[in-house]
Amino acid sequence: MHTPPYDPFVAGLLGMVEEPSSDGVNHSHVDVRPELLNSSGAVHGGVTFSLIDQSMGGAVDSVTAPDEGNVTVELKVNYLAPVHEGRMDCESRVLRRGRRLVVAEADVRNAGRLVAKGLGTFAIVPGP
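Take the position in the sequence shown, starting the count at 1, then add 432; the result is the number in our numbering.
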């Protein structure tokens with residue numbers, strides 16, 4: 433497992449908190465704040481998408497070598513319910529690591545309720 437030597441810009445901007453990843457699993461969360469809400473008063477879909485992408489990237493990092501990095505190739509999100517307050521908890525899991533590609537999934541919950549699911553493909557690239 434390896435961790436970048438910096439606070440990723442989008443994660444810091446949105447206030448994401450990421451626990452250390454291991455064995456292809458990552459737990460991350462975002463506390464809902466007014467500036468993350470859309471005009472309907474729900475968390476903007478881009479915030480949820482970014483949480484999933486960041487968390488999946490952490491899960492993928494935990495199954496790559498220190499000299500490898502990863503980039504998102506494709507990411508699909510199903511939004512199941514709106515979030516208005518509280519905390520969004522994301523658990524991401526690596527489903528399969530191949531030689532060049534990794535497939536991961538994520539569940540996002542708010543107060544225990546499933547609010548979004550993600551499925552992504554990541555390419556393994558030479559590290560920084």
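Each residue gets a CB set at the ideal place from its N, CA and C atoms; glycine is no exception. Bear in mind that the values here come from a model prediction, so they are computed numbers and not experimental data.
Considering only residues of the same chain and omitting the five flanking positions on each side of A513, which have a CB-CB separation below 6 Å?
V547
Could you tell me whether any non-hydrogen atom of the ligand SAH is closer than 8 Å to the CB of E500?
Absence of the ligand SAH is noted for the structure shown, with no ligands found whatsoever.
Assigned secondary structure, A474 (DSSP; H/G/I helix, E/B strand, else coil):
coil
In the structure shown, what three-state DSSP assignment does E537 receive?
strand
Are any of the Cβ atoms in chain C nearer than 9 Å to that of E506?
In summary, chain C is missing from the structure at hand, where a single protein chain is found.
CA nearest to the CA of S453, picked from I556, L533, V540 and E523
E523
Given this structure, state the Cα-to-Cα distance separating F441 from M520, to the nearest angstrom.
19 Å
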